[in-house]
Amino acid sequence: MGRVSRRVFATAALAALATVPQASAAPVRRPATAPVREMRGMWLATVTNRDWPSRPGLSAAEQRGELLAHLDAAVRARLNTVVFQVRPTADALWPSPYEPWSRYLTGTQGVHPGWDPLGTAVAEAHARGLHLHAWFNPYRVAMHDDPARLAASHPARRNPDWVVTYGGKLYYNPGLPEVRAFVREAMLHAVRRYPVDAVHFDDYFYPYPVAGQTFDDDLAYDTHGGAFPDRAAWRRDNVDRLVRETAAGIRAVRPGTRFGISPFGVWRNAATDPRGSATQAGVQTYDDLHADTRRWARENWIDYICPQLYWHIGFTAADYAALLPWWAEVVRDSGTRLYAGEALYKAGDPAQPAPWGDPAELSRHLTLAGQYPQVRGHVFFAAREVAADPAGAMARVVADHYRRPAEPPR
């Protein structure tokens, strides 16, 4: 997802919005209005301690306090959903019988942090009127390439034939049926245990390409790929199977729980496929990550799709103003809801193109989305920026678009 003291989230714009006018002598009768119902979400990333906890090794009380501060920041920004990363690297932020406790909690993989972060997050989010989507990364095992650094009990150490080293990281091999079965059950354990509102995958399926390196799945392909015209088709089928099997598992374990995926924003460029978008992206999910995201949405394999549209309006290679209507057309007449993933983290960053220096850039995204009824909301990357809002971009979104609270999507 996306290629740590907190400041209080408070701005003049938000303060103005919170101001309540004095009551008049005679009550004013206002027409009843239907409640606003749209996705207003934020990702809360735990991999490499990106958003939370601010560093490994904090006490349970400190970790809990930081987590609740993020939930409170979401409420202040009039968001209604938190997408909480609970399985960042084949580990767990809850007591799992399948995988070890995450090292991002204590600094040592497999060490109990003294509390239950996911259980707490679900309860405290619901107490605040927030939905909690449990965010899982299916295949990433480690952000390094040394299996000896994994906990001794780690399934990747017990099953080294499941693991592929690629680009300096460790991954489970999606081409092995036993791997798919394992990761599905490891994730579904959390769904059985907690009343999460949704299961969420990010953009990582097969890893992003690394120049000069090969993802070595020769043996799995030789064993399981005979019915396919080429390796790419076999790999796409492997990812398709994970998506379908996970969806079926969620329905069986906790009916009514949603399943959503947040892919890289470009399925294919139009130069590659006439059905693709008017983009010139260097990565195409269909070809490079072997993720047929367009199919999943059009054929209703998932409940929602939240493409990461992390580019500004007018960006030549991948224009937000071109991709948003393309995705709106993808979900048209389907049962899949479309939410736009927004790059709040780019706002005010001097390393980004000049349009991101304007605090109103993201607000313009939401204005544009208002022209497409298929766009049912937005999710912002990520929690750290929602809380600190260094460029004032989130405050501008709230002032321009979130004047009233909104109910989470049903």
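Residue 419 in our numbering sits at position 316 of the sequence shown; the count goes up by one each step and never skips. We treat Cβ as the ideally placed atom computed from N, Cα and C, and that holds for glycine.
task: Please specify which runs of the beta strand (DSSP E), each continuous and at least 3 residues long, are wholly inside the segment 250-336, giving them in chain order.
output: 266-269, 272-275 and 301-304
- prompt: Under three-state DSSP, which class holds Val178?
  reply: helix
query: Sorted by chain position, which residues of the same chain lie with C-beta nearer than 7 Å to Ala400's C-beta, five sequence neighbours on each side aside?
result: Cβ neighbours of Ala400 beyond the five flanking positions: Ile408, Val433, Val434, Ser437 and Thr439.
message: Quick check on the burial criterion: 16 or more other C-beta atoms within 10 angstroms. Buried or exposed for Ala113?
response: Because Ala113 sits at a pLDDT of 33, beneath the cut-off of 50, its placement in the model cannot be relied upon, and the following sentence gives the value as read from the coordinates. Classification for Ala113: exposed.
field: From Val342, Asp306, Ala335 and Val313, residue whose alpha carbon lies closest to that of Tyr413
entry: Asp306
query: Excluding sequence positions up to five away, which residues of its chain have a Cβ less than 6 Å from the Cβ of Thr388?
result: Pro366, Phe367, Trp370, Ala394 and Thr396
Span separating the alpha-carbon of Pro159 from that of Gly217: 13 Å
message: According to DSSP, simplified to helix, strand and coil, what is Gly105?
response: Confidence in Gly105 is poor, its pLDDT being 47 and thus under 50, which makes the residue's placement unreliable; the coordinate value appears in the next sentence. Judged by DSSP in its simplified three-state form, Gly105 adopts coil rather than helix or strand.
Inter-residue spacing [alpha-carbon to alpha-carbon] between Gly144 and Asp325: 42 Å
field: Status (buried if at least 16 other CB within 10 Å, exposed otherwise) for Thr470
entry: exposed
query: Can you tell me the Cα-Cα spacing of Glu348 and Asp248, whole angstroms?
result: 28 Å
message: I believe Phe362 touches Val302 by the beta-carbon criterion, under 8 Å. Please report the beta-carbon distance rounded to the nearest angstrom.
response: 5 Å
message: Taking contact to mean 3 or more Cβ pairs, one atom from each stretch, closer than 8 Å, check whether the segment 258-265 and the segment 205-217 are in contact.
response: No, they do not touch.
message: So the candidates are Phe483, Glu510, Arg507 and Ala509; which of them puts its Cα closest to the Cα of Met497?
response: In this structure, Phe483 is the residue among Phe483, Glu510, Arg507 and Ala509 with its C-alpha nearest to the C-alpha of Met497.
message: My output table needs one value for Val501: the three-state DSSP class, helix, strand or coil.
response: helix
- prompt: Taking Cβ positions, are Trp197 and Arg296 nearer each other than 8 Å?
  reply: yes
message: For the segment 310-322 against the segment 228-235, do three or more pairs of beta-carbon atoms, one drawn from each stretch, fall closer than 8 Å, so that the two count as touching?
response: With fewer than three CB-CB distances shorter than 8 Å, the segment 310-322 does not count as touching the segment 228-235.
Proximity winner among Pro258, Ile353 and Gln166, relative to Pro298 (alpha-carbon distances): Per the Cα distances, Ile353.
query: CB Pro277 to CB Phe308, shorter than 8 Å?
result: yes
query: What does a CB cutoff of less than 7 Å around Val356 pick up in its chain, not counting 5 residues either side in sequence?
result: Leu291, Val294 and Arg295
query: Val185 lies in the beta strand (DSSP E); which residues open and close that run?
result: Thr184 to Arg190
field: Separation of Ala245 from Thr151, as counted between CA atoms
entry: 10 Å
message: What does the Cβ neighbour count give for Asn403, buried or exposed, with the cut at 16 atoms within 10 Å?
response: exposed
message: Using 8 Å as the cut-off, can you tell me whether the segment 461-476 makes contact with the segment 445-452, which would need three or more C-beta pairs spanning the two stretches below that distance?
response: By the C-beta criterion, the segment 461-476 is judged to be in contact with the segment 445-452, since at least 3 inter-stretch pairs fall below 8 Å.
- prompt: Rounded to whole angstroms, how far is the Cβ of Tyr207 from the Cβ of Pro191, which I believe are closer than 8 Å?
  reply: In this structure, Tyr207 and Pro191 form a Cβ contact; the two beta carbons are roughly 7 Å apart against a cut-off of 8 Å.
query: So, helix, strand or coil for Tyr389, using DSSP?
result: Note: Tyr389 maps to helix in three-state DSSP.
query: How should Ser199 be labelled, buried or exposed, when 16 other C-beta atoms within 10 angstroms of its C-beta is the threshold for buried?
result: buried
query: Out of Val186, Met142, Glu141 and Gln166, which has the shortest C-alpha to C-alpha gap to Ala486?
result: Val186
query: Just reading off the alpha helix (DSSP H) that Glu531 is part of, what are its end residues?
result: A question about residue 531 goes unanswered here, because the residues of the chain that appear run from 104 up to 513.
- request: Answer yes or no: do Tyr505 and Leu427 have a C-beta to C-beta separation smaller than 8 Å?
  value: no
task: Tell me whether Val478 sits in a helix, a strand or coil according to DSSP, three-state version.
output: strand
- prompt: Name the DSSP bridge partner or partners of Leu147?
  reply: Phe187
field: CB of Gln411 within 8 Å of CB of Leu441, strictly
entry: No, these two residues do not count as a Cβ contact at 8 Å.
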